[in-house]
Structure formats: structure tokens, C-alpha cells
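There are 2 protein chains.
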Amino acid sequence: MDQSAALIDNPHSHVTFGEGLELECGIALAPLTMAYRTYGTLSAAADNAILVCHALTGDQYAAETHPLTGKPGWWARLIGAGLPIDTDRFFVICINVLGGCMGSTGPRSPRDGGVAEPWGTEFPPVTIRDIVAAQAKVVTHLGIHRLFAVIGGSMGGMQVLSWAATYPDRVFAAVPIAAASFHSAQNIAFNEVSRQAIFADPDWRGGRYWVDGLVPARGLAVARMMAHITYLSEEALTRKFGRRVRRDPHVAPVDADAPLSLFGEMFEVESYLRHQGSSFVRRFDANSYLTITRAMDYFDVAMDHGGDLSAAFAGTRTRFCIVSFSSDWLFPTAQSRTMARALNKAAANVSFVEIDTDKGHDAFLLDEPDFDRTIRGFLSGCAEHAGLG
Amino acid sequence: MDQSAALIDNPHSHVTFGEGLELECGIALAPLTMAYRTYGTLSAAADNAILVCHALTGDQYAAETHPLTGKPGWWARLIGAGLPIDTDRFFVICINVLGGCMGSTGPRSPRDGGVAEPWGTEFPPVTIRDIVAAQAKVVTHLGIHRLFAVIGGSMGGMQVLSWAATYPDRVFAAVPIAAASFHSAQNIAFNEVSRQAIFADPDWRGGRYWVDGLVPARGLAVARMMAHITYLSEEALTRKFGRRVRRDPHVAPVDADAPLSLFGEMFEVESYLRHQGSSFVRRFDANSYLTITRAMDYFDVAMDHGGDLSAAFAGTRTRFCIVSFSSDWLFPTAQSRTMARALNKAAANVSFVEIDTDKGHDAFLLDEPDFDRTIRGFLSGCAEHAGLG
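So the protein sequences, as listed, match chains A and B.
Residue numbers for the first sequence, in the UniProt record's numbering: 1 to 389.
Residue numbers for the second sequence, in the UniProt record's numbering: 1 to 389.
Structure follows, in C-alpha cells:
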């Protein structure tokens, strides 16, 4: 199979920048292709654009049926006509991150932009700032100087912070959700285990799995399963699954008369996780997973400003709305509070909302009416201040 | 190499029961070999014995140099002359769990007790009750009817509860530490991911890795790394490692002039986890890991008593001291509190202590003076009530 040809024939809506992008690591990546989707209509003044930033395993299909999975967009609940991110009013942009695998330049892209083999593991390390710089090129390409709002959860929230710190004049309002200004030791540790799980897979082949048409499916599934636990709360797992069991079709009972009905059965939570793992590997590239988790680990806004987080936002006129979830232990409320304090110290306009929920980190993707009301209210208020029609 | 011969030549102190043990799954395991260590001297009345139960990856070498690693015993800090578990006063027993890999019958044992090949993945599923039943045979063999105390942390605490529920007349005092009366959905989920990590290793060979002299080292290391994160608190990880980096000797910097010194370096927490993973696989058997994690998942004391935890302890005269750690998120304080409430409902003699610490689940293995004082005080008080000299 001619991998390169398939790669060049990008099935996703995209724009290519011939001049490329110089990355923080010093490597110039050219050409640079960015895949994106838009919803709603850009106003004549180009002042109603909202950039929605996706999380680690998300992509640009935020508000429409996903072309690979056939499932609704990951924020279809929030983005649309009359919804909190109202497409009757706002022009919504969602861009596949640099290093991703849904049409933007990443480890699957041909190395010289032409017919060479894919980058694979040789794809240069990228940072959240690189990801944001690549997005900025798309935003400019769309004729937009200043975004009305940048909004995103988890790694999407990291991008929001990076936008606000790097391009303060291009962001009227910023909504970092379930995020932090740096990746914690615990989160780096979980990411490292997921990388090791991928490396342990025999089909990993040192990262050149595509040569033989393979994917390190088992390792990537293990990585996804582990990460998935961290996205939920203990309460949510208990509520959804508890200790309920189901018959494991692959295991015969040891002894039909055994007093414990458990043997030959599996816990529902196991079956659920296996499904999460196996469906993930059908849509995600392992080298992208490695690249993007690394970008998260590098993330530390304060580090770019002498270790002082408030200095990163000195003089900002952006309006911030920081959102956390009470049961999120991956990006706990304390980390959002640290952000809020630093922004207060920088005399920024900031509101901070902790949503009371037992759904854990993933709450930003789930039905959480208080959260929806918060987003709708903040965006409406900002639109009024910005003089949007 | 003649695997079987090596297996029969058990280098660990042990006792073999020809009649074996009938497991809860209905399978009779015969003969049954149990490896154990003792410290201190049994009194003439045989009333001063303390059974110390080890955790998932622990073993019987609780208070002496480990024969494989050369490190001090895992509870050398607590067990010894003049220490909280005072060997001048008590006779301390520690037994390698059934299903383990340090001399007790387990997946590495020859299948027919003789020259056949090891059980491997065909080793029957065991439960915490089976583990405790096998321990009870050793205790009887040592001439002890009633234990002065049973004490253990994590999975060791599960064994303590099972002892108290199954043999109430044989346990004067019980100290379950950092434990729970059932394994939660979140903990089952983490265990399942660790099992999948082992299965994903090419050297796993369907569980028959020993045939080719292999071990699924990468998968087992991933399992251990992930589990290790859950044993620590976010605070402990931050305190120990934060976001400090060190040069990765295996990775050349992408660009020596790169503005980010991070490329070509790794976070200290990553290096630490890799070390934890690789040192673990040298001393632990993958099939034992699978067997024991399964036993933990099955654990639910209430289930054996119609779903009523207090019924499991009805009429008990055992004195309980339940200990939890404030930053333990694997076996959170709330689960210990549930135990304490059920024991109160059963009119049991129970005290409940939450130790304030940021060290997480592993605090029971670490230097924590408040914890040491709690153990010493409870055992002394009980010894007085028991009329021990």
C-alpha cells in the first residue's frame, strides 16, 4: 500500500501553509497543514468568532457526526443554534491540533510534505505553544484578528491559557475548563505509564508499525483504559458499575456448582474499559498519542515567565471564566484556584466557578446543566460588553 | 532447565499439607505448601501470636533482609525488639499468600505437586477467604488456636477482615489498615488495566512464558508503574518530584540551541517510575500478579452475608482498630468509616483512627510516627486486657 499517497489525499477540510511553522524546539515544520471545521457564520466585522480547543483524544468534529465513528460531535450538546455556544450568534472554529491524526500535520504526515514516508516517531516534539501558534495561523487565514472567545476543557483549557498568555490582544474572552497552568507530577506519571504501555506492544515496532500495516493496538488500548479511569471519579464508577458482574463469553465457569458465581464472570467495569480501549485504537494514531501527551507534560505557563504565573498575564484585558469540577481529581479544583489567584494578582477580569458534580474530569463532556448555564451566561455577558449584536 | 525440580527445591522456610485445601471455586488444591517466617518467641500458653498479613506485592520477609533484593523487610520499621510490634513480647508470623511466588503454592508450583509443569495461568482462582484459610492451617500447625492479633495494610487489611469474619473465635484483636470491606469499581478498573498490560506483552505467551525462560517484563513493569502512582498521593508526587527534569541518557537533544531545555530530558517522576517497574519484575511472577489481583477484586465481606456488612461481624468479641490515611485515594477514609459503622452496628469493640498525612496509600509502609504510636498503643492496650505478661 502506498502510505504516502493516502496521506497526501487528506480527506479532512484543511488549509496548507507553505512557509510552515518554526517550532519551539528549533525545527521548522514546512509545509504545515491544519484541518478544521467551522459552524455558524462569521460577522462582517469578523468579531464573533469562538475558537473551541479540543482535548487529548478529541478532534475538530466538535458539533457534527464524526466521520470515523458515526457518533455525534464531542460538544454537540453545547455548540449549535440556540445552544450555550450559539451558532446563530457566533462563528465557531475547531482545529485538529498540530501533532494530531485527523488531518493536521502530525506523525502520520509525510516527512517532506510530499511522497516520503511518514514522520512516525521522528516527528519533532511540539508544545502547547506550538499547537496554539499553528491555530493562530488558521485564525488569521480565516480573516480574523481577534477571537471573541477561546474555550476548551482539559488539554483544550491549556490551549486557552496559552492563547491568552501568548496573544493577549487576540483574545477577548477565555474559558479554561478542568485545566491547570502546568501538568502535575501525577499527570506526567500517568502519561508516562501510557507511553510505556505503547512501547511494550509487540506491534509497536519501534514506532514504525505503519511499515507493516500494523498498529500497537493492545498497548494503545491499555493506555486509553488507564486514562479513562482518571477521567472519571470513584463515585461515577461506583454509580455506573459498582461491583456488578456479567458472564464473560470467553471464560467457561471453573465449576458450575461453585459457591461463588463470580468465577467465569467479569465485572461490568472491566467489560466497559475493554470496549473503551478497543474502540479508541480504531480512530487514533499511537505516535500522535505520544506526541500530544508529551506536549501536555511540557506545559507550564509560569515557566515561560520566570516561574511567575501572574507575570504571564500582566496587563491582560482578556476576560477569564475559569471552570472546575468538584470531583475532578486529574485537574483538581485547587489547580484552577491557583490560576484564579494568579489572574487576580495580575488585576485581570476573572470569574471562577466550581461546578458541584460527581462525574469527575469528563464532566465537561457530559450532561451537566450548571456547567451549560455557566458557559451560556458568561458568553452572553461578554457579548454584551463587546457590543456584539 | 528442569523447571519442576527447581520448583520442588523450595528455598523458603515452609510447611506442606498433604491433604491440601478445598478452594471456594470447588477445586481441591493438594498438596498445599505455605512459606512463612516468624520473629520472637511463642509463649507457653501460645497466646502471644500476631499474624502480619502482607499486601499485593509483599511477602513473608516482613522484618529481615529480603533474600532476593537485599533490602530491609517491608515492616522492619514496625516489627522488632522494642518496636510497636514488639518481638520481645509477641510472636510474629508472616506467611506468603496462597497464589504468591515466594514459596507458597501458586501459579509457579508444579501442577501435581510433583514433577509436572507449573500451573501457570491454569492455577485455580483463589479468594481472600482461601488465602486466609491457608494461613489458618499454618497457624494451627504452629500450635496456636487463637491469634492475639491479626494486622495488615491494603490487601493485608482485607485478610484481617476476612479472618475476623470467618474465624471470630481465633482473633482477639484485628487491625485492618488502609483497607476496605470490598474492592471498589475504581480499584477493579485499575487492576484490570494492569492485567491487560501483562497480556499485551509479547513475552506473555498466553501465560506460558516460563516454557521459553521468558517473563513478560515490559507488561508487568507497566502494571507496577501504574499501580505505584495509585499508592502515592498527588501531594507526595509533587513534593518528591514536582516538574524537575533530568537528562535522559538515551535521548539526544533535538537541537542544542533549542529554547526549551526540556527536549532530550525526562521528568524525574518518569525515571523513578521506570526504576520501580524494572526492579519489580525481577522479584515477582506475572501469573501470581494476575491471581492475587483477582482475589482482591472478588473481595466483598458483606456479599458472603446477604449484603449486610454488620451481619458478617454479628456477636464478634474481637477488638478492632481501623486505620486510614487522609491522603489515601485508593482506599479512602470513607471506606474505613463504612467498616467502622458496620462494626458499631454489630456492637463490636471498635476504634477508628484517620492518620493525617500527605503520603497516600503507601503511608502504612513509610515513616509516619502517628501511625506507629497508634499501632503500639492499641496492641499494648489489648495485651493488658488479654492478660499477657
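All C-beta atoms, glycine included, are put in the ideal place defined by N, C-alpha and C.
Inter-residue spacing [alpha-carbon to alpha-carbon] between residue i and residue j
i: Y272 of chain B; j: A44 of chain A; result: 55 Å
i: I292 of chain B; j: A286 of chain B; result: 10 Å
i: T318 of chain B; j: V171 of chain B; result: 6 Å
i: L366 of chain B; j: W210 of chain A; result: 46 Å
i: N191 of chain A; j: A116 of chain A; result: 30 Å
i: A46 of chain A; j: I93 of chain A; result: 13 Å
i: T38 of chain B; j: E268 of chain A; result: 41 Å
i: Y289 of chain B; j: F280 of chain B; result: 11 Å
i: R244 of chain B; j: W329 of chain A; result: 22 Å
i: V75 of chain A; j: G381 of chain B; result: For clarity, residue 75 of chain A is Trp in the given sequence; the question names Val instead. Each residue's alpha carbon lies about 59 Å from the other.
i: R239 of chain B; j: H361 of chain B; result: 16 Å
i: P202 of chain B; j: A200 of chain A; result: 8 Å
i: M155 of chain A; j: A179 of chain B; result: 34 Å
i: L161 of chain B; j: F331 of chain A; result: 34 Å
i: A77 of chain B; j: A63 of chain B; result: Here residue 77 of chain B turns out to be Arg, not Ala, going by the sequence shown. For R77 of chain B and A63 of chain B, the distance between alpha carbons rounds to 8 Å.
i: G277 of chain A; j: D212 of chain A; result: 22 Å
i: Q186 of chain B; j: G82 of chain A; result: 37 Å
i: G153 of chain B; j: G103 of chain A; result: 50 Å
i: F9 of chain A; j: V132 of chain A; result: A small fix is needed here, since residue 9 of chain A is Asp in this sequence, not Phe. Taking the straight line from one Cα to the other gives about 25 Å.
i: G204 of chain B; j: S324 of chain A; result: The amino acid at residue 204 of chain B is misidentified as Gly; the sequence shows Trp. Each residue's Cα considered, the two are about 41 Å apart.
i: T338 of chain A; j: I355 of chain A; result: 16 Å
i: S4 of chain B; j: H12 of chain B; result: Per-residue confidence for S4 of chain B stands at a pLDDT of 39, beneath the threshold of 50, marking its modelled position as unreliable; the derived number appears in the next sentence. Near 16 Å, if we compare the C-alpha coordinates of H12 of chain B and S4 of chain B.
i: A164 of chain B; j: V52 of chain B; result: 14 Å
i: G100 of chain A; j: P107 of chain A; result: 8 Å
i: A223 of chain B; j: P67 of chain B; result: 23 Å
i: E270 of chain A; j: R111 of chain B; result: 29 Å
Where the beta strand (DSSP E) containing residue i begins and where it ends
i: G152 of chain A; result: 147-153
i: I355 of chain A; result: 349-355
i: C94 of chain B; result: 91-95
i: V52 of chain A; result: 49-53
i: L142 of chain A; result: Note, L142 of chain A: premise wrong, no beta strand (DSSP E); not H, not E.
i: residue 459 of chain A; result: The requested residue 459 of chain A is not part of the displayed model; chain A covers only 1 to 389.
i: A173 of chain A; result: 171-177
Distance CB(residue i)-CB(residue j) smaller than 8 Å
i: F34 of chain A; j: H14 of chain A; result: Checking the sequence shown, residue 34 of chain A turns out to be Met, not Phe. Their beta carbons are under 8 Å apart, which means M34 of chain A touches H14 of chain A by this criterion.
i: G70 of chain B; j: Y61 of chain B; result: no
i: T127 of chain B; j: E22 of chain B; result: no
i: A312 of chain A; j: D300 of chain A; result: no
i: L98 of chain A; j: A136 of chain A; result: no
i: G120 of chain B; j: G207 of chain B; result: yes
i: L29 of chain B; j: P124 of chain B; result: yes
i: A340 of chain B; j: I322 of chain B; result: yes
i: A49 of chain B; j: I177 of chain B; result: no
i: I95 of chain A; j: Y167 of chain A; result: no
i: L32 of chain A; j: G40 of chain A; result: no
i: A197 of chain B; j: A197 of chain A; result: yes
i: A189 of chain A; j: I188 of chain B; result: no
i: S326 of chain B; j: T357 of chain B; result: yes
Of the residues the options, the one placed nearest residue i, counting alpha carbons only
i: T105 of chain B; options: B:I79, B:G18, B:C321, B:M158; result: B:G18
i: G307 of chain B; options: B:A178, B:S327, B:A342; result: B:A342
i: R195 of chain B; options: B:L98, B:D297, B:S380; result: B:D297
i: V150 of chain A; options: A:I85, A:G120, A:L214; result: A:I85
i: H385 of chain A; options: A:L214, A:D372, A:N349; result: A:N349
i: F320 of chain B; options: B:F331, B:A347, B:G387; result: B:A347
i: G157 of chain A; options: A:L388, A:Q335, A:R224; result: A:Q335
i: D88 of chain B; options: B:D112, B:L42, B:P110, B:V52; result: B:L42
i: Q376 of chain B; options: B:R274, B:G80, B:T333, B:L309; result: Sequence inspection shows Arg at residue 376 of chain B; the Gln mentioned does not correspond to that position. It is B:G80 whose Cα lies nearest to the Cα of R376 of chain B.
i: R282 of chain B; options: B:T57, B:V52, B:G40; result: B:T57
i: A227 of chain B; options: B:V193, B:T140, B:F241, B:R246; result: B:V193
i: T333 of chain A; options: A:E270, A:V353, A:A314; result: A:V353
i: F182 of chain A; options: A:F378, A:N344, A:L309; result: A:L309
i: V215 of chain B; options: B:F284, B:F148, B:G315, B:H275; result: B:F284
N- and C-terminal bounds of the alpha helix (DSSP H) containing residue i
i: H385 of chain A; result: 369-386
i: Y209 of chain B; result: Note, Y209 of chain B: premise wrong, no alpha helix (DSSP H); not H, not E.
i: R337 of chain B; result: 333-345
i: S324 of chain B; result: Where S324 of chain B is concerned, there is no enclosing alpha helix (DSSP H), although the beta strand (DSSP E) it sits in stretches over 319-325.
i: I229 of chain B; result: 217-231
i: I292 of chain A; result: 286-298
i: H275 of chain A; result: 268-281
Between the region 368-383 of chain A and the region 227-237 of chain A, do at least 3 Cβ pairs fall closer than 8 Å?
no
Does the pairing of the region 217-224 of chain A with the region 163-181 of chain B give three or more beta-carbon distances under 8 Å?
no
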